[in-house]
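Taking it in order: structure first as structure tokens, then the write-up.
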Amino acid sequence: MSDLTQYIRQQRSTKSLLLMTHVIYGYPTINDSLAMMRLLLDQGVEILEVQFPFSDPVADGPAITHACHQALADKPQLEKCISDISKLASEYPQSRVLLMSYLNPVMQSGPPKLATLMQKGISGIIVPDIAVEQQQLISPLTDAGIEPIWIITPDTQPDRLNTICKQASGMLYCVSRAGVTGESTDKNQALGKYLNRIGQHTELPLGVGFGISTAEDIQALLGHADIAIIGSAFLNAYNQNGLKGVHTKLAELKQAIT
0 MSDLTQYIRQ QRSTKSLLLM THVIYGYPTI NDSLAMMRLL LDQGVEILEV
50 QFPFSDPVAD GPAITHACHQ ALADKPQLEK CISDISKLAS EYPQSRVLLM
100 SYLNPVMQSG PPKLATLMQK GISGIIVPDI AVEQQQLISP LTDAGIEPIW
150 IITPDTQPDR LNTICKQASG MLYCVSRAGV TGESTDKNQA LGKYLNRIGQ
200 HTELPLGVGF GISTAEDIQA LLGHADIAII GSAFLNAYNQ NGLKGVHTKL
250 AELKQAIT
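Once you know that position 46 of the sequence shown is 45 in numbering that gives the first Met the number 0, the rest is easy, because the numbers rise by one and skip nothing.
Now the structure itself:
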């Protein structure tokens, strides 16, 4: 069992749902984004996902895409990002830190070099634009114990789902969007059916993201998922009311778990 899986299992032994928060490195500035990360970790967020900004983030919605474009104006460097968030990981050993980036920045820096930098504190990496069959591209990272986290959607076909689950480790990132809209009861039922289908192929922890923004969304995950993944909701809260807005939003979501 990987360190990330073991950590999630240990946390879940006393908690009904964990929170994984998505912050964009460099938005609105590098220092401000680090302040947001510290706030979330200070408040006990179990998993911090840090996105290195990319010019064409095809897997992200308009709020995150806009923030990525704004962050790129300061020309952030991936190696500096990893250094900064590795320091956070060492300061908050009770949490885990993941890096999210697209393939282009990863290949430009070079996976061997990144593996050396990341193994000091980063538990996993999410690269949305590579397929599991291409994981050899980031093999230096996985060889260094950095878990590649693969993404599943409601449209993933059974054969494909089986292939991904056989290769996966750490945890799985399950996109909630399709098939889970509607009234609360229907939403809960559809989500449960979707996650149960995934669970037939793996015992890895399941994180659910995309469109998770309210207490109702959190409550719909209880009993079905291990981790709620929240990105745009915190970004919107920050845009409206700075760190105070993030703090308030986090308190709202945590209250929905208890």
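Virtual Cβ for every residue (Gly too), placed ideally from N, Cα, C.
Inset, instruction - On a CA-only basis, which of Ala88, Asn235 and Ala250 is nearest Gly60? Give me that one, please. - result: In terms of CA proximity to Gly60, Asn235 leads the group Ala88, Asn235 and Ala250.
Legend entry - CA-to-CA distance, Thr115 to Ile211, given in whole angstroms: Rounded to whole angstroms, Ile211 to Thr115 spans 33 Å at the Cα level.
Inset, instruction - Look at Ser170 and Pro127 and say whether their C-beta atoms are less than 7 Å apart. - result: First, the amino acid is wrong: residue 170 is Met here, not Ser. The beta carbons of Met170 and Pro127 sit no closer together than 7 Å.
Inset, instruction - Determine the contact status of Tyr91 and Phe53, defining contact as a CB-CB distance below 7 Å. - result: No, the Cβ-Cβ distance between Tyr91 and Phe53 is not below 7 Å.
Inset, instruction - State buried or exposed for Lys119, treating a residue as buried only when at least 16 other CB atoms are found within 10 Å of its CB. - result: Lys119 is exposed by the Cβ-count criterion.
Inset, instruction - Compare the Cα-Cα distances from Thr257 to each of Gly230, Gly244, Glu215 and Ile229 and report the closest residue. - result: Closest by alpha carbon: Glu215.
Inset, instruction - Mind checking which residues open and close the alpha helix (DSSP H) that includes Thr4? - result: Asp2 to Arg11 is the span of the alpha helix (DSSP H), which, as asked, contains Thr4.
Legend entry - Sub-7 Å separation of His21 and Gly244 beta-carbons: With respect to the 7 Å criterion, His21 and Gly244 are not classified as neighbours on the basis of their beta carbons.
Inset, instruction - Spell out the partners DSSP gives Pro147 in its beta bridges. - result: Beta-bridge analysis with DSSP links Pro147 to Ile124.
Inset, instruction - Verify the contact flag: Leu98, CB atom, against every heavy atom of the ligand MG, threshold strictly below 6 Å. - result: What this structure holds is no ligand at all, so the ligand MG is not there to describe.
Inset, instruction - Grab me the residues of Met35's own chain with a C-beta within less than 8 Å of its C-beta, minus the 5 sequence neighbours each way, in chain order. - result: So the list reads Val22, Phe233, Tyr237, Leu242 and Val245, once near-sequence residues are dropped.
Inset, instruction - Within 10 angstroms of the Cβ of Leu221, are there 16 or more other Cβ atoms? Answer buried if so, exposed if not. - result: Leu221 is exposed by the Cβ-count criterion.
Legend entry - Own chain, CB closer than 6 Å to Thr247, minus 5 neighbours either side, in chain order: Non-local beta-carbon contacts of Thr247 in its own chain, meaning distances under 6 Å to residues more than five positions away in sequence, are absent.
Inset, instruction - Could you give the DSSP three-state label for Leu171: helix, strand or coil? - result: In the structure shown, Leu171 sits in a strand (DSSP, three-state: E or B).
Legend entry - Spatially closest choice to Arg176 from Asp154, Asn161, Asn30 and Lys165, by CA coordinates: The option with the nearest alpha carbon to Arg176 is Asp154.
Inset, instruction - With DSSP as the reference, label Gly25 as helix, strand or coil. - result: Secondary structure at Gly25: coil, using DSSP grouped into helix, strand and coil.
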